[in-house]
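Numbering (the working numbering), first residue to last: 6 to 304. Just so it is clear, CB atoms sit at the ideal spot from N, CA and C, and this is done for glycine as well.
Structure below.
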């Protein structure tokens with residue numbers, strides 16, 4: 006998946022660093038800046054004084070819905086220009102078993118998971134996927150049927166270099182005090198394959214850590230900002246598409262949210278509530294994905 010430039014002898018870099026700091030050696034050429042990062046797709050190492058300056062700008066992509074049923078096969082759109090459109094609705098049901106059943110099926114890719122996890126290493130695992138494991142797997146988007154919303158962009162007319170942390174500002178209406186949502190951002194390549202760029206997960210009552218627990222007000226449009234996407238660096242190829250999935254978690258590997266808003270450990274199976282989620286796309290409630298733009302590619 007990575008080009009030959011990604012192969013760095015880190016042991017030798019460490020030895021050279023010790024010789025430089027503690028002896029009379031030269032500073033390792035690889036350590037030319039406080040931050041070194043590898044841009045996949047471009048297959049190049051880049052340098053920056055810090056992580057923040059590696060991102061030179063942000064680009065908004067608006068979530069746009071449509072009438073009728075929506076699914077991975079009939080997604081909404083990601084567009085660089087805002088457009089009023091119908092909202093998307095889906096369900097978060099703690100008793101829904103689609104994802105849990107998938108996690109009991111072997112993964113054809115046979116990706117190795119964290120050995121500390123209980124599940125066998127070759128099984129699908131949404132919890133691990135949210136940490137970047139098995140990044141080419143389509144199952145957690147393709148299986149969305151009523152418990153998530155999917156948005157896909159038009160094909161990129163030219164390469165797009167993304168460096169940094171995305172942010173999703175989603176306007177959400179919920180009919181319960183709480184729910185768990187995750188967001189999955191992918192590059193869909195011309196050959197039909199996909200690469201997970203960055204995931205995020207959000208318990209809605211913890212949507213603003215600075216303000217502590219804030220239960221959702223049923224029926225009220227609320228801004229939910231996904232600010233915990235993973236930092237990444239990739240040059241998307243011309244002809245690729247962006248895809249964003251916002252969905253219920255429902256994983257064997259994740260804490261079960263009963264949607265009552267009560268503290269964990271104070272709920273029973275009888276307390277389970279189905280949460281209906283509405284993602285808004287219009288007027289003052291336009292949901293938008295902010296993408297981090299890297300510096301222009303070296304020619």
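Burial state of residue i, where buried means 16 or more other Cβ atoms lie within 10 Å
| i | result |
| --- | --- |
| residue 185 | buried |
| residue 107 | buried |
| residue 271 | exposed |
| residue 155 | buried |
| residue 14 | exposed |
| residue 129 | buried |
| residue 256 | buried |
| residue 70 | buried |
| residue 40 | exposed |
| residue 292 | buried |
| residue 237 | buried |
| residue 198 | exposed |
| residue 7 | exposed |
| residue 228 | exposed |
| residue 192 | buried |
Three-state class that DSSP yields for residue i in the structure shown
| i | result |
| --- | --- |
| residue 298 | strand |
| residue 78 | coil |
| residue 98 | coil |
| residue 45 | strand |
| residue 259 | coil |
| residue 107 | helix |
| residue 293 | strand |
| residue 88 | coil |
Whole-angstrom distance between residue j and residue i, CA atom to CA atom
| i | j | result |
| --- | --- | --- |
| residue 42 | residue 230 | 26 Å |
| residue 263 | residue 141 | 31 Å |
| residue 287 | residue 63 | 21 Å |
| residue 87 | residue 96 | 26 Å |
| residue 163 | residue 75 | 28 Å |
| residue 297 | residue 239 | 10 Å |
| residue 127 | residue 148 | 18 Å |
| residue 281 | residue 23 | 57 Å |
| residue 235 | residue 204 | 6 Å |
| residue 223 | residue 170 | 30 Å |
| residue 29 | residue 68 | 56 Å |
| residue 53 | residue 26 | 21 Å |
| residue 182 | residue 268 | 12 Å |
| residue 21 | residue 37 | 13 Å |
| residue 243 | residue 83 | 16 Å |
| residue 105 | residue 213 | 29 Å |
| residue 113 | residue 131 | 15 Å |
| residue 117 | residue 138 | Low local confidence applies: a pLDDT of 49 at residue 117 is under 50, so the model's placement there is unreliable, with the coordinate-based value given in what follows. Spanning the two alpha carbons is a distance of roughly 8 Å. |
| residue 241 | residue 232 | 22 Å |
| residue 77 | residue 146 | 6 Å |
| residue 90 | residue 207 | 24 Å |
Cβ-Cβ separation, residue j to residue i (assumed contact under 8 Å), whole Å
| i | j | result |
| --- | --- | --- |
| residue 209 | residue 221 | 5 Å |
| residue 98 | residue 152 | 7 Å |
| residue 300 | residue 61 | 5 Å |
| residue 135 | residue 187 | 6 Å |
| residue 315 | residue 250 | This structure cannot settle anything about residue 315, because the visible part of the chain is limited to 6 through 304. |
| residue 133 | residue 258 | 7 Å |
| residue 101 | residue 253 | 7 Å |
| residue 284 | residue 92 | 6 Å |
| residue 10 | residue 66 | Actually they do not touch by this definition, with Cβ atoms about 29 Å apart. |
Unbroken stretches of the beta strand (DSSP E), 3 residues or longer, contained in the segment 186-257: As far as the segment 186-257 is concerned, its whole beta strand (DSSP E) runs of at least 3 residues are 199-208, 227-231, 237-241, 246-253.
Suppose only complete runs of 4+ residues qualify. What are the alpha helix (DSSP H) ranges in the segment 126-190, listed by chain order? Here the runs fully enclosed are 131-134, 144-147.
Identify every run of the beta strand (DSSP E) within the segment 20-44, keeping only runs that are complete inside it and at least 3 residues long; order them along the chain. 40-44
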